[in-house]
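First up is the structure itself, then whatever we jot down about it.
Protein chains in written order, with the working numbering: chain S, 184 to 655; chain F, 184 to 655.
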């Protein structure tokens, strides 16, 4: 199954065969997380939650329903989302007196409660997060993980005394996401979205745009400065140090668990299936015995010993001593699931008291003494993550192309590249580009300052460098 | 605030002040888990998930929506639930072509996928679980945690080759729940529900009925044998060893996270607030310095040392060195939150290199040398759990009363007791009891065989002992 030839088909096949998702649920845009996939996202969620809680975000859980009146309070917000929410209109046979919608994001659920919790400057900053599912009635074509009507994410919401403190929080949010994504070996651009594409109700939005083999950008996380837009709509005030009532400043950020999982599958996987960074692999090491007639007992005992020692070292190990598959089939099976290290044990290994280690990313083999097996596995773990990270980062670098004019830009997008281009900042020029080329302007680098190459490729005005791509 | 005088008021106040929940969300029956409460249920969920996964249940996540047609397949099931589901009828401005409902439980979401995953006897048993929220449009009065329209639970679903294997699974489910509940120090009766009160679509239902201070039973978990009822409705068949198609047998069980949290609050709490079993306390030990003028630096250093040592021992410790509250206020504050052990450190402790330990359940104090502090805290943890468990179990025993006739039964329920009574098993007699007394028959002991005391108190027929109570 060739990943590069037909990414879309490869992706669907890997999701199904590696038991990541099952997309045969009969409601469009809703999908089932299976055991292997769910364990991966759960571990990613824990990594993120730990970071968020270390930095003062309290874990909470808000209701999935938002009443119509609260949802309508912030004008830009409702304008942006109203065409894509699911409405609950009935309970049993009864029409509900007040329509409820399934949260597409939780600002309008959360602020009415923040209002109770924030009285004075001493209650600020207030930071919370929740891992939950959100709902968007997508009218575009849905794709498992990339574009769904139900998706799993973590959202954080914070309130602060000043605009600057909120801005500092945006930077902290961005850093937290960056750290987690790096531990997953992912590569992406951190972009400040152009004004016309920011979060509905935000002052500005930062996004993590991960590369995807099909050239369509995969937005895996966003961080938003909301200024006092929502505070004013929800009358979120506090008593400042001089005793006056002042509006709070708020931020929010969202980490798309499904999109991140998609990026892990898409950036790291190969023709054999998943390749998982060891930290998030449900099984990190699989032991496969190579049976030899007359040698069964010795092999069994030695495998049990290897299993015990690796387990005691805190590794997630599975001994695949089943009889349904031959060893070669087991190799293929666990390669599909992306298990980082395979331990092969046969007659030679038993006699030498050694193990043969095969790393999933390169399929390189090495035979080492059992005494140093743990240290060697740990070393392979670091090398695998480092090598996944390097490879992903190289693909991103190589996929970026500069465009001097519209023709160049168009060609770049056709080649599935991410294209750097000069743009004046006017929505009219962006629209013209979009119509001509079928891709979109994603935004400016947030973490790096860049000088324009020339002038806006549409109107010739003073420009800034932006990145354009096709998108989900 | 007296728990015994007005349980309901006490309960609401503790939930709010200990930051367990905030019930001011403006949609009836929907409530907000705050940081302290959410951390507790999250830990309880992990305890359960670990047990379930050790025994072969794969973690998964199914969609929250179920299409109308799938929901209607099992006749008893839909009859039981249809009056209490929320209906999604619109996406944006569009009427949905096929109505969706919010899952009240997930059998009808899960079986269509089980059908893909189960082909032959080798695919059985199949076991999965998910921690998620479910939705019921309750028309009765709602109460936070006890009776909500959105509630957090864990549901497990399993499929087996034979009725007996499914029955064995019911026992395993029951044991898993029992073990987790015991680790939480809870007391309850394990009852087999009378036929008219079983899960809609089940062969029989087992329930964990926890005592509550107001005499209303709190059902914290249920385990159901579904026979082949759902398999037939969903055509869930497998190829058996002789090559024939046979229907699978299924079970399901639900662990109510909110109800369990309610039981922890209600059974263990006292007039000072929560009392938490140490294993699930978000903070297990709080250190409160007792300042003395001129002694600040020594105190600070010693507190930092105590904090470090306790943390390194793996305890969840918080040093409350804030200046907003005096030490006495801090004591009250952390008692409300139910932190199991308070460490007081003042001049004497610094000079002696000792710590004063106060256990939350009895408020007993002891001063011990710093060298043995960890061992002593661990000992207090065991003692606290053991004493909570004993106390809860005694309350349950003392609340059970025997009734020889209807008058007796009525009196028992008025006294908020759980009443043992002889009943013939006929629904007519149960209905007559319910009308006369306002409580209900909860069922027969599942884990203990009991002989009837006499004959049915209504019709005088041959009887079995059942338990009756008021209920949420």
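For every residue, glycine included, the Cβ atom is placed at its ideal position computed from N, Cα and C.
Does the beta-carbon of residue 252 of chain S have 16 or more other beta-carbons within 10 angstroms, so that it is buried, or is it exposed? exposed
Indicate whether at least one CB of chain F lies closer than 7 Å to the CB of residue 520 of chain S. no
Tell me, please, whether the CB atom of residue 269 of chain F is closer than 7 Å to any CB atom in chain S? yes
Cβ separation of residue 344 of chain F and residue 307 of chain F, assumed to be a contact under 8 Å, to the nearest whole Å: 5 Å
Between which residues of its own chain and residue 219 of chain F is the CB-CB distance below 8 Å, once the five residues before and five after are set aside? 201, 202, 203, 465, 520
Does DSSP classify residue 312 of chain F as helix, strand or coil? strand
Test: residue 230 of chain F CB closer than 7 Å to a CB of chain S: no
Is residue 606 of chain S near the ligand MN, with its Cβ less than 6 Å from a heavy atom? Inclusion of the ligand MN in the displayed structure is not the case, the ligand content being empty and no account of it being possible.
In the stretch 209-234 of chain F, which residues sit with their C-beta less than 8 Å from some C-beta in chain S, listed in chain order? 209, 210, 213, 214, 215, 216, 217, 218, 221, 222, 225
I'd like to know if residue 296 of chain F contacts chain S, where contact means its C-beta is closer than 7 Å to some C-beta of that chain. yes
Buried or exposed (CB count within 10 angstroms, at least 16 for buried), residue 656 of chain S: Residue coverage of chain S in this structure runs from 184 to 655, which leaves residue 656 of chain S outside it and unanswerable.
Answer with buried or exposed for residue 634 of chain S, where buried requires no fewer than 16 other C-beta atoms within 10 angstroms of its C-beta. exposed
Quick test of the definition: if touching needs 3 or more C-beta pairs under 8 Å, does the stretch 214-229 of chain S touch the stretch 433-450 of chain S? yes
Does the CB of residue 272 of chain S have a neighbour CB from chain A at under 7 Å? Going by chain labels, chain A is absent from the structure shown, which instead holds the protein chains S and F.
Any beta strand (DSSP E) of 3 or more consecutive residues that is wholly inside the stretch 564-597 of chain F: 583-585
Measure the alpha-carbon distance for residue 250 of chain F versus residue 313 of chain F and round it to whole angstroms. 19 Å
Is the Cβ of residue 303 of chain F closer than 7 Å to any Cβ of chain S? no
Distance between beta carbons of residue 651 of chain F and residue 628 of chain F, contact taken as under 8 Å: Contact doesn't hold; Cβ gap of about 13 Å is too wide.
Is residue 501 of chain S close to chain F? Criterion is C-beta to C-beta, closer than 7 Å. no
Please compile the residues from chain F whose C-beta is within a distance smaller than 7 Å of the C-beta of residue 283 of chain S. 210
So the alpha helix (DSSP H) residue 221 of chain F belongs to, where does it begin and stop? 218-237
Contact check, residue 390 of chain S vs residue 240 of chain S, beta carbons under 7 Å: no
Does DSSP put residue 624 of chain F in a helix, in a strand, or in coil? strand
Pick from F:605, F:274, F:376, F:193: whose alpha carbon is nearest that of residue 211 of chain S? F:274
Applying the criterion that 16 or more other CB atoms from any shown protein chain within 10 Å of the CB defines a buried residue, is residue 427 of chain F buried or exposed? exposed
Given that a residue counts as buried once 16 or more other Cβ atoms are within 10 Å of its Cβ, and exposed if not, what is residue 355 of chain S? buried
Start-to-end residues for the beta strand (DSSP E) that takes in residue 199 of chain S: No beta strand (DSSP E) holds residue 199 of chain S; the alpha helix (DSSP H) holding it covers 190-200.
Please classify residue 205 of chain S: is it buried, with 16 or more other beta-carbons within 10 angstroms of its beta-carbon, or exposed? buried
From S:509, S:553, S:474, S:562, pick the residue whose C-alpha is nearest to that of residue 530 of chain S; which is it? S:474
Using 7 Å as the threshold, is the C-beta distance between residue 287 of chain S and residue 317 of chain S below it? yes
Which residue marks the beginning of the alpha helix (DSSP H) containing residue 418 of chain S, and which one marks its end? Run containing residue 418 of chain S: none; DSSP gives neither H nor E here.
Determine the extent of the beta strand (DSSP E) in which residue 336 of chain F is found, giving its start and end residues. 333-343
Sort F:193, F:358, F:335 by Cα distance to residue 238 of chain F and report the nearest one. F:358
Where residue 385 of chain F falls: helix, strand or coil (DSSP): coil
Distance check for residue 284 of chain F and residue 588 of chain F, CA to CA, integer angstroms please. 45 Å
Can you list, in chain order, the residues of its chain whose CB lies under 7 Å from that of residue 235 of chain F, leaving out five sequence neighbours each side? 312, 339, 359
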